[in-house]
Amino acid sequence: FTYVFGEYDPMIGMDCSGFIYWAMKEQGISLKRGSAADYYSLLPKLRDPKAGDLVFFRDTDLSQEITHVGIYLGDGRFIHTTRNTGVHISDLTSSDFNKKFESFGQVQINMD
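Sequential numbering of the sequence shown, starting at 44, is according to the numbering used here.
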(Lines of atoms letter the chains of each structure in order from A; the text may use other names.)
(Lines give C-alpha, C1' and ligand atoms only; values in the text may rest on other atoms or scores of the structure.)
Protein backbone atom coordinates (compact mmCIF):
# COMPACT_ATOMS: atom_id res chain seq x y z
CA PHE A 44 0.00 0.00 0.00
CA THR A 45 1.09 3.54 -0.59
CA TYR A 46 0.89 6.21 2.11
CA VAL A 47 -1.98 8.65 1.48
CA PHE A 48 -3.03 10.94 4.32
CA GLY A 49 -6.67 10.50 5.37
CA GLU A 50 -7.28 7.39 3.24
CA TYR A 51 -8.13 3.80 4.16
CA ASP A 52 -8.58 2.12 0.78
CA PRO A 53 -5.72 -0.21 -0.20
CA MET A 54 -6.36 0.53 -3.88
CA ILE A 55 -5.77 4.26 -3.27
CA GLY A 56 -3.44 4.21 -0.25
CA MET A 57 -3.79 4.84 3.45
CA ASP A 58 -2.33 6.58 6.47
CA CYS A 59 -1.59 4.92 9.83
CA SER A 60 -5.11 5.19 11.26
CA GLY A 61 -6.62 4.23 7.91
CA PHE A 62 -4.47 1.11 7.97
CA ILE A 63 -5.83 0.25 11.44
CA TYR A 64 -9.40 0.81 10.25
CA TRP A 65 -8.85 -1.38 7.17
CA ALA A 66 -7.06 -4.18 9.08
CA MET A 67 -9.76 -4.35 11.77
CA LYS A 68 -12.51 -4.31 9.16
CA GLU A 69 -10.79 -7.20 7.34
CA GLN A 70 -10.89 -9.15 10.63
CA GLY A 71 -14.60 -8.46 11.11
CA ILE A 72 -14.06 -5.90 13.87
CA SER A 73 -16.45 -2.98 13.66
CA LEU A 74 -14.57 0.25 14.30
CA LYS A 75 -15.41 3.85 13.45
CA ARG A 76 -12.80 5.49 11.21
CA GLY A 77 -10.79 7.83 13.39
CA SER A 78 -7.34 9.25 14.00
CA ALA A 79 -4.51 7.67 15.99
CA ALA A 80 -5.54 9.89 18.93
CA ASP A 81 -9.17 8.72 18.58
CA TYR A 82 -8.15 5.05 18.76
CA TYR A 83 -5.86 5.81 21.70
CA SER A 84 -8.77 7.34 23.64
CA LEU A 85 -11.01 4.31 22.99
CA LEU A 86 -8.81 1.38 24.03
CA PRO A 87 -7.75 0.21 27.48
CA LYS A 88 -3.98 0.54 27.96
CA LEU A 89 -1.83 -2.46 28.86
CA ARG A 90 1.78 -3.33 29.64
CA ASP A 91 1.97 -6.81 28.16
CA PRO A 92 0.60 -6.70 24.62
CA LYS A 93 -0.22 -9.66 22.45
CA ALA A 94 -0.09 -9.80 18.68
CA GLY A 95 -3.01 -7.80 17.28
CA ASP A 96 -3.04 -5.13 19.98
CA LEU A 97 -2.30 -1.56 18.94
CA VAL A 98 0.84 0.42 19.70
CA PHE A 99 0.70 4.22 20.04
CA PHE A 100 3.30 6.95 19.62
CA ARG A 101 3.34 10.64 20.50
CA ASP A 102 4.96 13.50 18.65
CA THR A 103 7.70 14.57 21.04
CA ASP A 104 8.84 17.43 18.82
CA LEU A 105 5.69 19.52 18.68
CA SER A 106 3.34 18.29 21.39
CA GLN A 107 2.41 15.28 23.48
CA GLU A 108 -0.44 14.40 21.12
CA ILE A 109 -0.80 10.81 19.91
CA THR A 110 0.11 11.04 16.23
CA HIS A 111 0.93 7.49 15.13
CA VAL A 112 -0.49 3.99 15.57
CA GLY A 113 0.49 0.51 14.46
CA ILE A 114 -0.41 -3.14 15.08
CA TYR A 115 1.82 -5.07 17.45
CA LEU A 116 3.17 -8.30 15.94
CA GLY A 117 5.03 -9.65 18.97
CA ASP A 118 8.74 -9.83 19.80
CA GLY A 119 9.01 -6.03 19.86
CA ARG A 120 7.91 -5.58 16.25
CA PHE A 121 4.91 -3.79 14.79
CA ILE A 122 3.40 -3.09 11.40
CA HIS A 123 2.35 0.42 10.38
CA THR A 124 2.39 2.85 7.47
CA THR A 125 5.10 5.41 6.79
CA ARG A 126 5.31 8.21 4.27
CA ASN A 127 8.52 6.78 2.81
CA THR A 128 7.78 3.06 2.54
CA GLY A 129 4.01 2.58 2.83
CA VAL A 130 3.23 -0.46 4.98
CA HIS A 131 6.33 -1.37 6.93
CA ILE A 132 7.42 -3.57 9.85
CA SER A 133 9.51 -1.75 12.46
CA ASP A 134 11.17 -2.53 15.77
CA LEU A 135 10.06 -0.77 18.96
CA THR A 136 13.67 -0.58 20.12
CA SER A 137 14.73 1.62 17.21
CA SER A 138 15.76 5.03 18.54
CA ASP A 139 12.98 6.97 16.79
CA PHE A 140 10.13 4.73 17.95
CA ASN A 141 11.58 4.07 21.40
CA LYS A 142 11.60 7.77 22.32
CA LYS A 143 8.09 8.38 20.90
CA PHE A 144 6.43 5.25 22.33
CA GLU A 145 3.38 6.01 24.49
CA SER A 146 1.57 2.73 25.22
CA PHE A 147 -0.16 -0.36 23.94
CA GLY A 148 -3.93 -0.46 23.53
CA GLN A 149 -5.86 -3.66 24.02
CA VAL A 150 -8.03 -4.70 21.11
CA GLN A 151 -11.01 -6.46 22.63
CA ILE A 152 -12.90 -8.81 20.37
CA ASN A 153 -16.42 -9.76 21.31
CA MET A 154 -16.78 -13.46 20.55
CA ASP A 155 -20.60 -13.64 21.07
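Glycine included, every Cβ here is placed at the ideal spot set by N, Cα and C.
Quantities reported herein were computed from a predicted structural model and do not represent experimental measurements.
#1: Does the count of Cβ pairs from the stretch 57 to 73 and the stretch 120 to 129 closer than 8 angstroms reach three?
#2: Which of the three DSSP states, helix, strand or coil, is assigned to F48?
#3: Quick check: the Cα distance between E108 and R76, rounded to an integer number of angstroms?
#4: Rounded to the nearest angstrom, what separates K55 and Y46 at their Cα positions?
#5: What does DSSP give as the partner residues of F121 in its beta bridges?
#6: Quick one: what's got a C-beta closer than 6 angstroms to S78's C-beta in the same chain, skipping five residues either side?
#7: What residue does the beta strand (DSSP E) around S146 start on, and which one ends it?
In short, the structure shows the following:
#1: yes
#2: coil
#3: 18 angstroms
#4: Just to set this straight, residue 55 is Ile in the shown sequence, not Lys. Going from the Cα of I55 to the Cα of Y46 covers about 9 angstroms.
#5: Y115, S133
#6: S60
#7: 144 to 148
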